[in-house]
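Here the structure comes first, spelled out in structure tokens, and everything after it is commentary.
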């Protein structure tokens, strides 16, 4: 879900001159790369590849929008993509939640294996 929602940070070419927008994009890339490093150290190659590809995709999208912003007919068009990534992230979250609730482990114990107190 993180990788599906992360590209949303790159669709702010009209506000690139503002420091918070630059920080949001850079922090998103850094967070993805840190989690990719953790996945690599744990031996999760598939997660490493997906997270690294997500970080590279964000940088490529942002660079493309910054370099080609003058050719956009409407400057706010990239924000329409952000709405798509919000919906995509919510759909993936809903599917993950649904699949966890339908798993046999969820039917055995509604509280999981953790104790109630403490």
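Residue numbers (the numbering used here): -15 to 102.
Built from N, CA and C at the ideal position, the CB exists for glycine as well.
Per the C-alpha coordinates, the member of 1, -5 and 21 positioned closest to residue 35 is 21. Linking residue 42 to residue 77 through their CA atoms gives a straight-line distance of about 21 Å. Inter-segment contact for the stretch 79 to 88 and the stretch 6 to 24 is absent: fewer than three beta-carbon pairs are separated by less than 8 Å. Between residue 73 and residue -7, the gap from beta carbon to beta carbon reaches 8 Å or more.
By the CB criterion at 8 Å, residue 31 and residue 23 fall inside the cutoff.
DSSP places residue 29 inside the alpha helix (DSSP H), whose first and last residues are 29 to 52.
Rounded to the nearest angstrom, the gap between the Cα atoms of residue -9 and residue 26 is 25 Å. Per DSSP, residue -10 is not a residue of any alpha helix (DSSP H), being assigned neither H nor E. In the three-state reduction of the DSSP assignment, residue 84 falls in the helix class, which pools H, G and I.
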